[in-house]
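Numbering (this note's numbering) for the sequence shown: 1470 to 1614.
Just so you know, even glycine gets a beta-carbon here, dropped at the ideal spot from N, CA and C.
Reading through the structure tokens given below for one structure.
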Amino acid sequence: MSNVYLGGTITPDPKYAEWRTYVATALFEYGIGSIDPMRGKDATDCTVPKSPKETEVWDDGGFVARDYRDILRSDLLFILFEWLPGRQSIGTWAEMGFAYGCDIPYIVVSQIPEVITHPFVWKKAAKVCKDRHEGIEYARFMLGE
């Protein structure tokens, strides 16, 4: 079974978990697996500094090595960029860079002009999609039987 890494922003806002569940379910219907970087993480808790006795495994960037490994074992990245007021998702850009460096194709789903006109997106993405439905169909085209 092919695997798709579900890259993108992780915040306490439930919509960032909900889109991943939706896409994973849709891909599974086509026999395509998914890897969710949010698994085992508490998005409401992972950015709060803790004392050393309270530290979780994902604190202080402990998730970076796992996310990189997950990308290496993926056949395709499905990256969703949404506008976050006041900041970019640096981790999402890193995921895309990991994929590019490892010759793993990636789909970028976004309508943000600064994202879709960036050379790492429009020159290097396998496909730039306007919404997750178009992204799902392209993933199916790339990996489906």
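Query: Skipping 5 residues on each side, what residues in its chain have a beta carbon closer than 6 Å to that of Glu1551?; Result: none
Query: With distances taken between CB atoms, is the gap from Tyr1575 to Gly1509 smaller than 9 Å?; Result: no
Query: Among all the DSSP beta bridges, which residues are the ones paired with Gly1604?; Result: The partner list for Gly1604 (beta bridge, DSSP) is empty, contrary to what the question assumes.
Query: Got a sec, what are the start and stop residues for the beta strand (DSSP E) Ile1576 sits in?; Result: Tyr1575 to Val1578
Query: Okay, do the stretch 1561-1577 and the stretch 1532-1551 touch, 3+ Cβ pairs below 8 Å being the bar?; Result: yes
Query: Check Lys1413 in the structure and name its three-state DSSP category.; Result: Because the chain is modelled from 1470 through 1614, residue 1413 falls outside the range shown and cannot be assessed.
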